[in-house]
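In this note's numbering, the protein residues as written are 3 to 618.
The beta-carbon is built from N, C-alpha and C at its ideal position, and this holds for glycine as well.
Just so it is clear, the structure is predicted and the values come from calculations on it, not from any experiment.
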Amino acid sequence: MVFAGRIPLPDAIIIWHFLHQSGTLTLYLSFPRFWAKIIWSNYKEEVVMHTYKEEIGSILQSLVELEPARVVELLETPPDPGMGDLAFPCYVLAQRWKQPPAAIAARLARDLSGKRGRFWEKAEARGPYLNFHLDAAAFGREVLEQISAAGERYGWSESGRGKTVVIDYSSPNIAKPFGIGHLRSTVIGHSLYLIFQALGYRCIGINHLGDWGTQFGKLIVAYEHWGNEAELLADPVNYLFELYVRFHRSAEEEPALEDEARAWFKRLEEGDPQAVDYWTRFRSLSLENYESIYDLLGIKFEYYHGESHYNDRLTGVIRLVREKGIAVESEGALIVDLEKYGLPPVMLQKKDGATLYLTRDLAAAIYRYETFHFDRALYVVGAEQKLHFQQLFKVLELLGFDWARNCVHVPFGLIHFKEGRMSTREGKIIFLEEVLQKAIKMAREIIEEKNPGLADKDAAARIVGLGAVRFGDLSNDRIKDVEFDWDKVLDFSGETAAYIQYAHARICSILRKAGGVKAEWAIGATALQAEEEKALIKTLALFPEKIEAAAESYRPSTIARYLIDVARDFNRFYHNCPVLNSDPALQQARLLLIDAVRLVLVNGMGLLGIESPEEM
RNA sequence: GCGCCUGUAGCUCAGGGGAUAGAGCAACGGAUUCCUAAUCCGUGUGCCGCAGGUUCGAAUCCUGCCAGGCGCACCA
3 MVFAGRIPLP DAIIIWHFLH QSGTLTLYLS FPRFWAKIIW SNYKEEVVMH
53 TYKEEIGSIL QSLVELEPAR VVELLETPPD PGMGDLAFPC YVLAQRWKQP
103 PAAIAARLAR DLSGKRGRFW EKAEARGPYL NFHLDAAAFG REVLEQISAA
153 GERYGWSESG RGKTVVIDYS SPNIAKPFGI GHLRSTVIGH SLYLIFQALG
203 YRCIGINHLG DWGTQFGKLI VAYEHWGNEA ELLADPVNYL FELYVRFHRS
253 AEEEPALEDE ARAWFKRLEE GDPQAVDYWT RFRSLSLENY ESIYDLLGIK
303 FEYYHGESHY NDRLTGVIRL VREKGIAVES EGALIVDLEK YGLPPVMLQK
353 KDGATLYLTR DLAAAIYRYE TFHFDRALYV VGAEQKLHFQ QLFKVLELLG
403 FDWARNCVHV PFGLIHFKEG RMSTREGKII FLEEVLQKAI KMAREIIEEK
453 NPGLADKDAA ARIVGLGAVR FGDLSNDRIK DVEFDWDKVL DFSGETAAYI
503 QYAHARICSI LRKAGGVKAE WAIGATALQA EEEKALIKTL ALFPEKIEAA
553 AESYRPSTIA RYLIDVARDF NRFYHNCPVL NSDPALQQAR LLLIDAVRLV
603 LVNGMGLLGI ESPEEM
């Protein structure tokens, strides 16, 4: 509860405040459905809706007998800015009012003729639509003021305040090299982490390392048969990879090796010292490699809780499942029959007594809830594991955990070669490290060619190269499969991170020459009347809702696409509206505008885990 | 066999009930006395997989089919 003067505002949260030199205090408040600005000056309160959408929603409320929120939902953007900035389609009213939509639009336009709002200056009918035209000056000033005041927090909100979201991402099977296939979970998960954090959630990032299971039995068998210490220490990750591939090649002709591997894993689960010793070495050797890549990518986790972390909780889980009476013995194994729910049965314990992936996921989920009391738990894991998660969540539900419905599998498509899928077992894999290094090298070459005078080329190349790889993965809808193509990875033109970074660098260059900006210049926004300027301002205003949309659908691509739009709008502006070579008043307004663009680009790219260099 | 996902321009993909379906790449042409040409502008392209249905209105929702991918008990 916040008190605005004498008016109590329930459920409001102060987002930020700004004390002007004049003594005026500006408060931005967040309500459950909208947010508002309150300006205090001589005890007069003025409440202004944040967006013109909401303003229109309240204006139309009485005229069309619809809830403001419903009106806002129906509002859309006309195909051509010349038609207006926002359109209300009148079809919905046609049935209720028994009139053709065009007649309704005309009538509403008549009702509103001569009227204007704080952000719109006129409304007119065009066919079945009631089109609103923005007051570009008032709107532009408001947008620039807000962005300038919010700065590096522009777009952020408090909608997730007090809530916790646990995000399971990256989660590679170690003892295998970090392949390009691991990139997706890593960057999508990390981006979701940043997005939820921007919305005020407390985020817990967990790297659920695949550091347990039969693959370690396989490695031990391979090492016992063919391994040698010197080679292992010389190049641990590649050597383990070779052993892993060799195991699978040999196992095709000698299936007994698989039994040997299972036996070793069983020994590991029983705590056999020799097995544990092997496991510890293999685990730490490959983890070193993983950590170097996370460092390069700037990714951190709150916890590296691998599957092995839950070992001492597995018997408890098995006991719980038995107590609840949902498990049955079948062919010597312990399973849960899910036929009633249209799902195949799941196995929790093999006939040799060893546990499985799902058993450990069960233990992990329970542990996470007990530890973090999450409001939501996300699993950023490939779409091919959809069934696994349906089963996991169903078993949790059968165990009586009502928080099971807050567990969400965030699936993504497979990354594959033109020729077919990647396979670690067959050695058909691309090393992520190689991809990153090549991208950085290519970026470096382009910088050498385009900007030979740049001071720190290596730093810029690193940012641009890593950005290209990340953006390539984040800009398409995560659910779609992607084909790995070197040409595409190493392409820096068109809809890429470099396009956005380049726009950012251009802005920084202008700002350096101008020597800075001042928030007060927002008053001059009246001067921003060019089509390119109006389009840019409208696009900038969309940023907060894009972040919300990305979180709601768990799709960072929403933000990536949006940033392409921002950069494109900026580039058009750049080519048609000189900043430094314009009249002082216009120059100030334009400087503030491009500074706002800069903030949106930096904040938005930041949510994708991508940096923006000041020069490139 | 059963289940899930995907199918939009030559290629890669946006758009996920609303006005004439959009970008990038590739092709061709143009823009640099001026803030970085990794940019911008212009030219051409579509049975939105197919067939039904719901709706005032469907690329978008529903059903069936086709094609591709991915799953379906001792791997993770």
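Query, Result
"So who's on the other strand from residue 122, going by DSSP bridges?", "136"
"In whole angstroms, give me the CA-to-CA distance for residue 423 and residue 515.", "51 Å"
"Spatial neighbours of residue 406 within its chain, please: C-beta separation below 6 Å, excluding the five flanking residues on both sides.", "395, 398 and 399"
"Taking Cβ to Cβ, would you say residue 521 is nearer than 9 Å to residue 151?", "yes"
"Just to confirm before moving on: does the CB-CB distance between residue 289 and residue 306 stay below 9 Å?", "yes"
"Name the DSSP bridge partner or partners of residue 396?", "For residue 396, which the question treats as bridged, DSSP gives no partner whatsoever."
"Would you say the beta carbon of residue 179 is closer than 8 Å to some non-hydrogen atom of the ligand NAP?", "This structure simply doesn't include the ligand NAP, nor any ligand for that matter."
"Contact defined as beta carbons within less than 8 Å: I believe residue 298 pairs with residue 438. What is the distance between those atoms, to the nearest angstrom?", "6 Å"
"Which residues in the same chain have their Cβ closer than 7 Å to the Cβ of residue 61, if we skip the five residues on either side of it in sequence?", "119"
"Rounded to whole angstroms, how far is the Cβ of residue 476 from the Cβ of residue 562, which I believe are closer than 8 Å?", "5 Å"
"Only counting runs of 4 or more residues, tell me where the alpha helix (DSSP H) segments fall wholly within the stretch 45-102, in order along the chain.", "54-66, 70-76 and 93-99"
"Take the Cβ of residue 193 as the centre, count every other Cβ of all protein chains shown within 10 Å, and call the residue buried at 16 or more, exposed below.", "buried"
"With a cut-off of 8 Å on the beta carbons, I'd call residue 215 and residue 304 a contact; round off their distance for me.", "With a Cβ gap of about 23 Å, residue 215 and residue 304 do not count as contacting."
"Counting C-beta neighbours from all protein chains within 10 Å, is the total for residue 607 16 or more, i.e. buried, or is it exposed?", "buried"
"Mind checking residue 454: buried by the 16 CB within 10 Å criterion, or exposed?", "exposed"
"Answer with buried or exposed for residue 231, where buried requires no fewer than 16 other C-beta atoms within 10 angstroms of its C-beta.", "exposed"
"Could you give the distance in angstroms between the alpha-carbon of residue 321 and the alpha-carbon of residue 331?", "13 Å"
"Can you grab the Cα-Cα spacing for the pair residue 445 / residue 472, in whole Å?", "14 Å"
"Write down every uninterrupted run of the alpha helix (DSSP H) in the stretch 411-492 whose length is 4 residues or greater and which is fully enclosed by it, in chain order.", "434-452, 459-476 and 488-491"
"Which two residues bound the contiguous alpha helix (DSSP H) that contains residue 166?", "Segment 166-170 is the beta strand (DSSP E) holding residue 166; no alpha helix (DSSP H) there."
"Report the three-state DSSP secondary structure of residue 348 (helix, strand or coil).", "strand"
"Does the pairing of the stretch 194-203 with the stretch 280-295 give three or more beta-carbon distances under 8 Å?", "no"
"Evaluate residue 184 with the Cβ neighbour count: other Cβ atoms within 10 Å of its Cβ, from every protein chain shown; 16 or more gives buried, anything less gives exposed.", "buried"
"For residue 95, I'd like the list of residues in its chain whose CB is within less than 7 Å of its CB, leaving aside the five on either flank, ordered along the chain.", "66 and 106"
"Restricting to runs no shorter than 3 residues, where is the beta strand (DSSP E) found entirely within the stretch 188-260?", "204-208"
"Going along the chain, which unbroken runs of the alpha helix (DSSP H) with 4 or more residues stay wholly within the stretch 525-558?", "533-543 and 545-555"
"For the beta strand (DSSP E) that residue 381 lies in, which residues bound it at each end?", "378-382"
"Which whole-angstrom value describes the C-beta separation of residue 217 and residue 258, a residue pair presumed to lie in contact below a C-beta threshold of 8 Å?", "At roughly 17 Å, the Cβ-Cβ gap does not stay under 8 Å, so residue 217 and residue 258 are not in contact."
"Counting C-beta neighbours from all protein chains within 10 Å, is the total for residue 343 16 or more, i.e. buried, or is it exposed?", "exposed"
"Note down, in chain order, each residue of its chain lying with its Cβ closer than 8 Å to the Cβ of residue 566, except the 5 sequence neighbours on either side.", "477, 497, 501 and 502"
"With DSSP collapsed to three states, give me the class of residue 614.", "coil"
"Just checking, does the stretch 357-369 make contact with the stretch 419-436 on the three C-beta pairs under 8 Å criterion?", "no"
"Roughly how far, in whole angstroms, is the beta-carbon of residue 431 from the beta-carbon of residue 181, given that I think they are within contact range, below 8 Å?", "4 Å"
"Quick one, are the C-beta atoms of residue 141 and residue 54 less than 9 Å apart?", "yes"
"Is residue 420 buried or exposed, if buried means 16 or more other CB atoms sit within 10 Å of its CB?", "exposed"
"Taking one C-beta from the stretch 161-175 and one from the stretch 371-383 each time, how about it: are there three or more such pairs within less than 8 Å?", "yes"
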